[in-house]
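Here's the structure, in structure tokens; my notes come after.
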Amino acid sequence: MTAHRPDGERDVVPRWRSVRRTLLAGEFQRLPTQRELTPHQAADIEAAALAWQRDRDVISASEYVGVALVAGDSAVAGEAASFLAEGHGGALLAELGNRALNPSPTAGLDHGSPTGAVASVDSVAFVYDRLARQKARLRIDPRNPIAWADLARRYTALGQFERARRALSIARGLAPLSRYLLRATTRFYVHIGEPDVAYDMLRNSSRTRADPWLMAAMLSVGSISKARIGSLRTARCILNDDSFRPIERADLASELATFDLRAGADRKARVLFNRSLQTPTDNSLAQVQWASHRLGSMEVRLDETSVAFPAEAYARSASELGQWEEVLRHAEAWIEDQPFDNAAANIASYAASVGLEDWKRAIDFAQLGLRSQPREPILLNNLAYALLESGRVDEADAQLQLLDLKSVTDRERVALLATHGLLRFRRGDRLGGVEGYEAAIRLARQLRDPKAEEMARTMLFREQITAMEPGEAAAVVKRLTEASRNLHDPALTGVVNRVQQMFARLGW
Amino acid sequence: MHGHVERAFLKALDFTMAAQLGLPLADGLQYVTRAYVFERDLVLRCADKRMRNVVKGVGAGEVQIADARIEPTFAQVPYIIFEHAEGDVRDVVAANIGRFDEAWALRVLHGVANGLRQLHQEGIAHQDLKPSNVMAFGPVAKVGDLGRASSPDGSGMYDGPIIAGDLGYAPPELLYGEFQPDDRVRRLACDAYHLGSMAVFMYTGSGLTPLIEVELAPTFHWRAWPGDFRNALPYVRNAFDYVMTSLEGSMQSSLGGQVLQTIRELCDPDPLLRGGGAGGAPSGRYAMARYVTRFDLLARRVEIAGRAP
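These protein sequence lines map, in sequence, to chains P and B. Numbering (this note's numbering) for the first sequence: 1 to 508. Numbering (this note's numbering) for the second sequence: 1001 to 1309.
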């Protein structure tokens, strides 16, 4: 049985992207500020303009375009830039002219890989190629903290955590107050299961108490590590500080809303979630999407929001609606954006298995997630399940052997017990198979998880159907159909439908 | 009687500058006059010290303009006379586009580094080194225009935290308004950056700062950045690294990466890591003697390679 829990816990843990994507996601947005030029600086521009008018040669064009670029106003030197772009001064000055004529919001960040992602299992070579380029970049300038962070991100995507930790540590040593690096490091520590380290780091940073992005990050890791959080009042003050743009406060609003939700203050939570939707980030949007399960009348109109990387919110939404191909499409984009996020690989492998019975893609996605977290129990379980359904019993068994049962939560154990049951069935051990599934059903009932209980029951029935009397099987099908109708779970409904079809094919 | 005629360059006080400063006219006049006096004294002092790579001041004085239409305040025009140069290096670079002479470029840089060394020895930082301030005297390059220099006794017009130098050639830290409490670091790091930027100019026809700007997203541009320099530095350095990578492919140098490595040292975006011997005292870290030797060596290598059959 595969597992994915759309209603599991979620916090607004920072995304970890390249600087380019972080910029596009709006994390560097500020209230508009523009430093004035001093009279000397204005005079420098005027002098360069006069020289260009007088000489109209390569050097006067280069100096005029240069000073205009430095002043942040390349448009004033458009004519000189066009002159350079025509190639009068060689390739480099032509490039300078072109860039002055066509300024890009992501200038300087478009080099190299557009994503740094691991888009498919086959792209390992691509990842290693990027890794090698990153190392070459650092050999030239080992003082570049952004390059160290990029290297760490790639190591993390490959599950090489100690190397990633070292690279991030160097990056933070070079720029200890960089918000980008503090948030990236936070995401890293959550990924490797050390949220408490991230919490201490943010709590001790002088920047956190005055920065909504860092405050949101601190609350999220505080929540995950179950720390005693003493900064809620400060957080609410920052939330009401109008010197920050709404998008700067969106993560914080949704994390505080999550705190209120958990404390049972639904009304306050709803107000804050709605506030975060004014100008959401992709992360706050996904948080509201997640919370909409728990808050009645909390509706998220994804088609009415505009964020740069909405893949997670869309994938979750499609999963709730049982639109499995859509889940896979958005999960792929999510993985491309956050290659180490096992939640993305998790939802994708689940959708491919339970929704589409596409075992090849289920295996691919699970393996992709496991690259970054080799012992993640749900991914191991989903991989084993898809392998079993593909008839690769020994490989499935080997994956299940990798599981560290001590790190498994009770809810995760339900799926694992069921998958062990399936393994026994595939090994020809019917008794052992039934025992596995029944243990899963008992545990789900104990945990008051009727969806998981019915799912396990349905899967068990699927294994036993051919050995049953027709009347007995018909009664079970009827009961399962009613249960799935009451539970409104598209995954369960899909599986029950397939069991119905199986029953019909038997022609009883 | 034998007559000796020597050509010279005369720089007169430009009163129109007073109107461009954004100050009341009287204050503006006082400012430009003070600036003139400061530059004159500095130029003559450098001449006294026989700085061979600093454009020599050969005299100074005032001329009375006998024209009734000119107000008496402006009729008395002070001037400085400099030795005559063939022109600034921009003229040669412009004339040689497509016919790059690396040995000459390195000789110019050698002369500039020497000029800066001579100034630094007297406690003077130039603070406005740019191509138009490097004069060609045959094969010798000299540094000119001390109008924005710092003085040894701290009494100069540009000894404070004000941004010295041309905007188009400014080091990043000054654009972002970082104030280094140690004024030796502030001034010497600025000169080091300008020397490296000068090297970039000699090879490409552009100063370094505009090349960094095109690799910097507008969000991180100094005029839009609300934070301090230290928080912008990772992004500035990232842009700087891309410029260096791009120069590696586009610079026509027969010396491999040696010139680029020198530029990298001189122009590190962090003024505290600029120069050689990072971590040492400013006088050692930004010492120009190192670069005098290096540019001399590099120039010799290219010259010898050029002579080889």
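Where is the CB? At the ideal position from N, CA and C, for every residue including glycine.
The three-state secondary structure of B:M1135, taken from DSSP, is strand. P:A308 is not a Cβ neighbour of P:A51, given a cutoff of 8 Å. Secondary-structure assignment with DSSP links B:Q1064 through a beta bridge to B:Q1076. Within chain P, the residues placing a beta-carbon under 8 Å from that of B:I1097 are V58, H88, G89, G90, ordered along the chain.
Between B:A1085 and B:M1202, the CB-CB gap reaches or exceeds 8 Å. B:M1288 and B:R1117 do touch by the CB rule: their CB atoms are close to 4 Å apart, below 8 Å. In the three-state reduction of the DSSP assignment, B:G1205 falls in the coil class, being assigned neither a helical nor a strand state.
Within the stretch 139-154 of chain P, those residues whose Cβ lies closer than 9 Å to any Cβ of chain B are, in chain order, I140, D141, R143, N144, P145, I146, A147, A149. Each residue's CA atom was taken as its position, placing P:G296 and B:L1216 some 46 Å apart. A distance below 7 Å between beta-carbons, with the five flanking residues on each side excluded, links B:G1249 to no residue of its chain. Listed along chain B, the residues sitting closer than 7 Å to P:F28 by beta-carbon distance are T1219.
Bounds of any beta strand (DSSP E) do not take in P:A366; it lies within the alpha helix (DSSP H) bounded by 359-372. By the criterion of at least three beta-carbon pairs nearer than 8 Å, the stretch 172-187 of chain P is in contact with the stretch 201-212 of chain P. Residues of chain P with a Cβ closer than 8 Å to the Cβ of B:G1275 do not exist, since the nearest Cβ in that chain sits about 14 Å away.
Distance between P:I247 and P:E389, taken at the CA atoms: about 45 Å. Rounded to the nearest whole angstrom, the CA to CA distance from B:V1243 to P:Q160 is 30 Å. Excluding the 5 residues flanking it on each side, B:G1087 has same chain C-beta neighbours closer than 7 Å at A1136, in chain order. Of all residues in the stretch 364-396 of chain P, none places a beta-carbon less than 9 Å from a beta-carbon of chain B.
Contact fails between the stretch 1087-1103 of chain B and the stretch 1028-1042 of chain B, because fewer than three Cβ pairs, one in each stretch, are under 8 Å apart.
Residue contact with chain P for B:N1231: present (Cβ-Cβ distance below 8 Å to some residue of chain P).
For P:K478, no beta strand (DSSP E) run applies; the uninterrupted alpha helix (DSSP H) run containing it begins and ends at 470-487, by DSSP. Taken in chain order, the members of the stretch 1192-1221 of chain B whose beta-carbon sits within less than 8 Å of a beta-carbon on chain P are T1204, G1205, S1206, G1207, T1209, P1210, L1211, E1213, V1214, E1215, L1216, A1217, P1218, T1219, F1220, H1221.
Between B:D1191 and B:H1110, the C-beta spacing is not below 8 Å. Shown here, B:F1038 sits in a helix according to DSSP, grouped into three states.
Within the model, the alpha-carbon separation for B:Q1030 versus P:S306 is close to 57 Å. Under a 10 Å Cβ-count criterion, P:D242 is classified as exposed, with fewer than 16 other Cβ atoms of the shown protein chains found around its own Cβ. Cα atoms of P:T281 and P:E255: separation of roughly 12 Å, rounded to the nearest angstrom. When DSSP states are grouped into helix, strand and coil, P:D266 belongs to the helix group.
Scanning its chain for C-beta atoms nearer than 6 Å, with the 5 sequence neighbours on each side dropped, one finds around P:L400 the residues A384, in chain order. Here the alpha carbon of P:S60 sits roughly 7 Å from the alpha carbon of P:A48.
Non-local beta-carbon contacts of P:E376 in its own chain, meaning distances under 7 Å to residues more than five positions away in sequence, involve N342, G369, L370 in chain order. In its chain, beyond the 5 residues on either side, V12, D251, L252, E255 have a beta carbon closer than 7 Å to the beta carbon of P:A216. Under the DSSP definition of a beta bridge, P:V271 lacks any partner.
Taking a Cβ-Cβ cut-off of 8 Å, the neighbours of B:R1237 in chain P comprise D141, R143, N144, P145, I146, given in sequence order. DSSP places P:G89 outside both helix and strand once states are collapsed to three, so it counts as coil. Ranking P:D73, P:L460, P:V300 by CA distance to the CA of P:S276 puts P:V300 first.
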